[in-house]
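For reference, the structure is listed below as structure tokens.
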Amino acid sequence: MSEPMNETKLENNSTEAKECCYEKVEVKPNTLLYPVPALLVSSGTADGRTNIMTAGWTGTICTVPPMVYVSIRPSRVSYDMIKESGEFVLNLNTEKLAAAADQCGVISARECPDKWELTGLTRGKAAHLDYAPIIMESPLNIECKLKQIIPLGSHDMFIGEVVGIDASKEYKGESKFIHLEEAGLIAYSCAKTENDIPVGSYVKLGETIGRYGFTAKKDIRTH
């Protein structure tokens, strides 16, 4: 007959296993909140100048009214253009636009004033803005009016109120939903760090593992 199990021993083993699995090492403070969007930010001014830059430090900050932000270094050409015009567009990025996004991120408008010609992207008229254009190849363009600039350090945060959204018919059609899961969206992530510095990569978003509210086992859109 086998010996009865020692529950104390099992508990100790379980604790040891957890300690092993969850062992941590300290990394110096850094920007390791990944993945983040890899957006194309378009801007323009009253004298007809326009530009595109790539931004990862961006996101939603309020639902009502709908507000977003993008953090930009003061040295960037887009910084002064958005500050001057008071408007900008956040253009969602896709796998097909990854090369254009990288070009707009590493090549300054001071070196290449016409990012449209460089990337082959198409400039479109925003419905609710005067100067900042939309990028026609993007599946979703978020038109923003500048509300506030907050100095932070290396970057300043540009807070914008969403005044219009342009969705490609390919993903909207006659449906009341926008099917962005079909657009091949990409994000910017950190595959590894080198000397505690993030090494960035563009990544394609994967399969859906659960919709918001799936644990409640009811359609949260009706509540």
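Its first residue numbered 935, the sequence shown is counted upward by one per residue in the working numbering.
Heads up, the beta-carbon is just placed ideally off N, CA and C, and yes, glycines get one too.
With 16 other CB atoms within 10 Å as the buried threshold, where does L1092 fall? The sequence shown places Phe at residue 1092, rather than the Leu named in the question. Buried, because 16 or more other Cβ atoms sit within 10 Å of the Cβ of F1092.
For A1150, count the other beta carbons within 10 Å of its own beta carbon; 16 or more makes it buried, fewer makes it exposed. Which is it? exposed
For V1011, I'd like the list of residues in its chain whose CB is within less than 7 Å of its CB, leaving aside the five on either flank, ordered along the chain. For V1011, where only same-chain residues beyond five positions count, the Cβ hits under 7 Å are N985, S1042, A1043, R1044.
In angstroms, rounded to a whole number, what distance separates the CA positions of L1063 and K962? 42 Å
Who are the near neighbours of Q1037 in its chain, counting only those whose CB is closer than 7 Å to its CB and skipping five residues on each side? L1052, T1053
Between the Cα of K1079 and the Cα atoms of E1141, L1139, M1015, A972, which residue gives the shortest distance? Residue M1015 is the option with its Cα nearest to K1079.
Under 6 Å Cβ to Cβ from Y1003, same chain only, skipping five residues before and after it: list those, please. I995, M1091, I1093
Kindly list the residues whose CB is nearer than 6 Å to the CB of P1073, restricted to its own chain and excluding five residues on each side of it in sequence; keep chain order. L1026, S1102, Y1105, A1117
Can you tell me whether DSSP reads S1102 as helix, strand or coil? Here S1102 sits in coil by DSSP.
Where the alpha helix (DSSP H) through A1034 begins and ends: 1032-1040
Of the choices H1113, E1115, G1134, whose alpha-carbon is the least far from that of S1123? The shortest Cα separation from S1123 among H1113, E1115, G1134 belongs to G1134.
Local Cβ density within 10 Å of G1144, reported as buried at 16 or more and exposed below that: Counting Cβ neighbours within 10 Å, G1144 comes out exposed, since fewer than 16 surround it.
Looking at the structure shown, is S977 part of a helix, part of a strand, or coil, going by DSSP? strand
Check whether the Cβ atoms of E1077 and I1099 sit closer than 8 Å, and answer yes or no. yes
Who are the near neighbours of A989 in its chain, counting only those whose CB is closer than 6 Å to its CB and skipping five residues on each side? Within the same chain, L973, V975, V1004 come within 6 Å of A989 by CB-CB distance, once the 5 residues on both sides are set aside.
Just list the residues that DSSP pairs M1070 with in beta bridges. Per DSSP, none; premise fails for M1070.
Which partner residues does T1028 have in the DSSP bridge list? L1119
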